[in-house]
Amino acid sequence: MWRPRTTRLVAYLTAGVIMLGLIVLAVVVAPQFKTFDRVLMIAFGAFVAWILHMLARCRVAADDSGLTVVNAFRTRRLEWPEVVDVTMSVGEPWPTLDLADGTSIGAMGINGAEKTLAARQLAELQSLLHTRGEAPDPT
3 MWRPRTTRLV
13 AYLTAGVIML
23 GLIVLAVVVA
33 PQFKTFDRVL
43 MIAFGAFVAW
53 ILHMLARCRV
63 AADDSGLTVV
73 NAFRTRRLEW
83 PEVVDVTMSV
93 GEPWPTLDLA
103 DGTSIGAMGI
113 NGAEKTLAAR
123 QLAELQSLLH
133 TRGEAPDPT
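The sequence shown begins at 3 in the numbering used here and counts up one residue at a time.
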């Protein structure tokens, strides 16, 4: 399974700081703010934390039958023959999986900002794709 390290750390730390800050704000805010306003502050913090969690949960998992690509708001299950190629140019935020039907999807579980880790994860995924995704040589 491949997942970014820094993205997860930053997202969860930020979510914690935002939730803590909004809870403290809801408790110490001026008296003219009613209970409903305070609950909305905490609900807003929870919503932001949920968005950050959705970004932090991104991953790419491989097994014998294919890939599971978990992006922020969508999960796709792909069989090995469906994935034609995986590429990631310098400066791209994540790799692109080219699919047999002519479409492509991003694999947010490999984060281009983590250059060394991303290069290693991309090489592992390309190697798996090469061994499992290609049809056997008929000779």
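No residue lacks a Cβ here, since even glycine has one placed at the ideal position from N, Cα and C.
Item: A2, enclosing beta strand (DSSP E) - first and last residue; Value: Examination of residue 2 is not possible in this model, given that the chain is present from 3 through 141 alone.
Item: Reduced DSSP secondary structure (H/G/I, E/B, other) of R7; Value: coil
Item: Other residues of its chain near M43: CB distance less than 7 Å, five sequence neighbours each side excluded; Value: L24, L27, A28
Item: Residue from I112, D103, F75, R61 with nearest C-alpha to M90; Value: I112
Item: For L80: DSSP bridge partner residues; Value: L69
Item: Residue range of the unbroken beta strand (DSSP E) whose run includes I107; Value: 106-108
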